[in-house]
Amino acid sequence: MNMRFEPARALSGELDAPADKSISHRAALLGAMASEPVRIERYLQAADTTSTLHAVQALGALVEINGEGVVVRGAGLREAREPDGPIDVGNAGTLMRLLPGWLAAQQGRSFTLHGDESIRRRPVDRIAKPLRQMGAELTAREGRFPPLEVRGARLRAISYELDVPSAQVKSCVLLAALAADGATTVGEPARSRDHTERMLLRAGVAIHRNGRHVTVVNVDELLLEPIRIPGDASSAAFLVTAGVLVPGSRLLIGDVGVNWTRTGFLRILRRMQGIVLGDLEDETGELVGEEPVSDLDVAHGALEGTVVEAEEVPLAIDELPLVALLGCFAEGETVVHGAQELRVKESDRIAGVVEGLRGLGGDIEATPDGFAVRGSGGLRGGTLDSRGDHRLAMMGAVAGLASREGVEVLGMDAAAVSYPSFVADLAGLCS
Ligand code: S3P
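Oh and the sequence shown: position 59 is 59 in this note's numbering, straight run, nothing missing.
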């Protein structure tokens, strides 16, 4: 579905961010691995997280949806049922990477995971490697891509260093570690989001972090307290960007998750002189269980270019398209380094952002590991192809509101992957 976004007058109003996608996936998966029912409040009802509910149902968990909440009656840590056919993860990369962590521990049972056209281009060798070291058998198309077949085994604990910082791969190993013999340690080259660690800590699992290493000890069974999902900082980032870019705007976005590992974008934006007030979590030396939330108070203002270094990238990975958009409106140059991971997201996001924003009049070029934008006093407008990628679709919509002539977004329906009410929420802020 194509949709046109006309230049907006000032945006104003208050709304809550939609529930967090990453935390919803984890709550449903850990719920399915648990021995007692788990109540999840404010579960994200979007395409990706619905795929997760369907997947855990196919594996023997019972799911009851009541209003904004979900109750998951788990199958148990080692008792996932072998389903009749393949599990369809849809567009959900997080599901494709996390679920095999649980499946790897299902001794003697086999599972096949597949998904949509975008999923079939996204590498899974990064999870196959550690899970094989733990003892499971995995087979992927061309050794790298879905469909992925997992044959479960009795797992052994490992020490594993990730090649690229990835919360998905780290989480996969941590889930497998719950049913492995002994203590597993995962190291990553830079910090990435730590929702899995926090949820496991709250579940009473012996888990600790030492700098960039996390160690988890296996458990006999998993028991979880009720989980409340905070608002999604990545979804909120699109509203924040609209508020910062459209002259005269003032927005209050409520209930946003402000876990330090998710607020890299807000720190980059503040460095660009963007006006965002909120009570952001400071870097946590120790692992904490809480997922802190804050309201964000956003106002339009003039921006300056900035340089984003590789260390910051995992902390703002899904918001980097917005950094490029902001760069078009900023004074001077905005450069993102160390972001080659963007090539294997829901689409090649370096190509999608660079071609998309150029088509709207932006002065941006791809670099081997990111992009460089020269501020051009804003964007003319035009047509932007979402490439079926939710984050590119929403970036295009925000670009339209801030542009001089408006933007037609091709494939706006992709937003339903993470933020189904995005267009309605934006319209509410524009009226
Ligand atoms: C996610 C981690 C990120 C992010 C994705 C969600 C997660 O991927 O891009 O949208 O929920 O763990 P990587 O950390 O694997 O790059």
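Here a beta-carbon is modelled for each residue, glycine too, at the ideal position from N, C-alpha and C.
Just so we're clear, the structure is a prediction, and the values are computed from it rather than from any experiment.
Reducing DSSP to helix, strand and coil, say where residue i ends up.
i, result
"Thr306", "coil"
"Gly428", "helix"
"Met3", "strand"
"Leu11", "coil"
"Gly257", "strand"
"Thr284", "coil"
"Ser143", "Residue identity differs from the one stated: residue 143 is Gly in this sequence, not Ser. Coil at Gly143, not helix or strand."
"Ala299", "strand"
"Leu155", "coil"
"Thr263", "coil"
"Arg73", "strand"
"Arg132", "helix"
"Arg209", "strand"
"Ile229", "coil"
"Arg202", "helix"
"Ala316", "coil"
"Gly370", "strand"
"Leu277", "strand"
"Glu365", "strand"
"Ala39", "First, the residue type needs correcting, since residue 39 is Arg and not Ala in the sequence shown. Residue state, collapsed to three classes: strand."
"Leu125", "First, the residue type needs correcting, since residue 125 is Asp and not Leu in the sequence shown. Asp125 falls in the helix class under three-state DSSP."
"Val246", "coil"
"Lys21", "helix"
"Glu197", "helix"
"Leu360", "coil"
"Gln168", "helix"
"Gly60", "coil"
"Arg78", "coil"
Between residue i and the rest of its own chain, which residues show a CB-CB distance below 8 Å, the 5 nearest in sequence each way excluded?
i, result
"Ser376", "Cys328, Gly361, Gly362 and Asp363"
"Arg198", "Asn259, Leu287, Val288, Gly289, Glu290 and Glu291"
"Glu278", "According to the sequence shown, residue 278 is Gly rather than Glu. Same-chain partners within the cutoff: Val256, Val258, Leu266, Ser294, Asp295, Leu296 and Asp297."
"Glu14", "Leu251, Leu252, Ile253 and Gly254"
"Met331", "For the sequence presented, residue 331 should be read as Glu rather than Met. Ala302, Leu303, Glu304, Gly305 and Gly375, listed in sequence order."
"Ser110", "Glu82, Glu149, Val150, Arg151 and Gly152"
"Asn2", "Glu408, Val409, Leu410, Gly411 and Met412"
"Arg78", "Ala105, Gln106, Gln107 and Ala179"
"Cys430", "Ala8, Arg9, Leu11 and Leu401"
"Leu280", "Val258, Trp260, Thr263, Leu266, Arg267 and Ser294"
Between residue i and the rest of its own chain, which residues show a CB-CB distance below 6 Å, the 5 nearest in sequence each way excluded?
i, result
"Phe238", "Met394 and Val398"
"Thr185", "Ser159, His213 and Thr215"
"Ile227", "Ala27 and Ile40"
"Ala206", "Val217"
"Gly243", "Leu11, Ser249, Leu251 and Val298"
"Leu200", "Ile207"
"His313", "Inspection of the sequence shows that residue 313 is occupied by Val rather than by His. For Val313, where only same-chain residues beyond five positions count, the Cβ hits under 6 Å are Gly338 and Ala339."
"Ala190", "Pro165, Glu311 and Pro314"
Below 7 Å, is the gap between the Cβ of residue i and the nearest heavy atom of the ligand MN?
i, result
"Ala242", "Here the bound small molecules are the ligand S3P; the ligand MN is not part of this structure."
Can you give me the Cβ contacts of residue i inside the same chain, cut-off strictly under 7 Å, excluding the 5 residues immediately before and after it?
i, result
"Arg141", "Pro147"
"Gly396", "Gly356, Leu384, Ser386, Val407 and Val409"
"Ala75", "Ala32, Leu59, Gly60, Ala61 and Arg81"
"Glu319", "Ser234, Ala237 and Phe265"
"Ala440", "The first residue shown for the chain is 1 and the last is 431, placing residue 440 beyond what the model contains."
"Pro321", "Arg349, Val353, Arg391, Leu392 and Met395"
"Ala176", "Gly101, Ala104, Ala105, Leu131, Met134 and Leu155"
"Ala19", "Arg42, Tyr43, Leu44, Ile229, Gly231 and Asp232"
"Arg380", "Leu360, Gly361, Ser403, Arg404 and Glu405"
By DSSP's criteria, residue i is part of a beta bridge. Which residues make up the other side?
i, result
"Asn218", "Paired residue(s): none; Asn218 is not in a bridge."
"Tyr160", "Val186"
"Phe436", "It is not possible to answer for residue 436, since the shown part of the chain is limited to 1 through 431."
"Val409", "Met3 and Leu384"
"Asn66", "Gly69"
"Asn91", "Looking at the DSSP assignment, Asn91 forms no beta bridge with any residue, so it has no partner."
"Gly352", "Partner(s): none; Gly352 has no beta bridge."
"Asp16", "Gly254"
"Glu137", "Arg151"
"Glu331", "Glu304"
"Val293", "Gly257"
"Asp181", "Arg156"
"Val336", "Val308 and Phe371"
Is there at least one Cβ from chain C nearer than 8 Å to residue i's Cβ?
i, result
"Val288", "Of the chains in the structure shown, none is chain C; there is only one protein chain."
query = Does the pairing of the stretch 216 to 226 with the stretch 247 to 255 give three or more beta-carbon distances under 8 Å?
reply = no
key: the stretch 18 to 25 in contact with the stretch 45 to 56 per 3-pair CB rule at 8 Å   = yes
message = Using 8 Å as the cut-off, can you tell me whether the stretch 179 to 195 makes contact with the stretch 160 to 170, which would need three or more C-beta pairs spanning the two stretches below that distance?
response = yes
query = Contact between the stretch 124 to 138 and the stretch 84 to 92: three or more CB pairs below 8 Å?
reply = no
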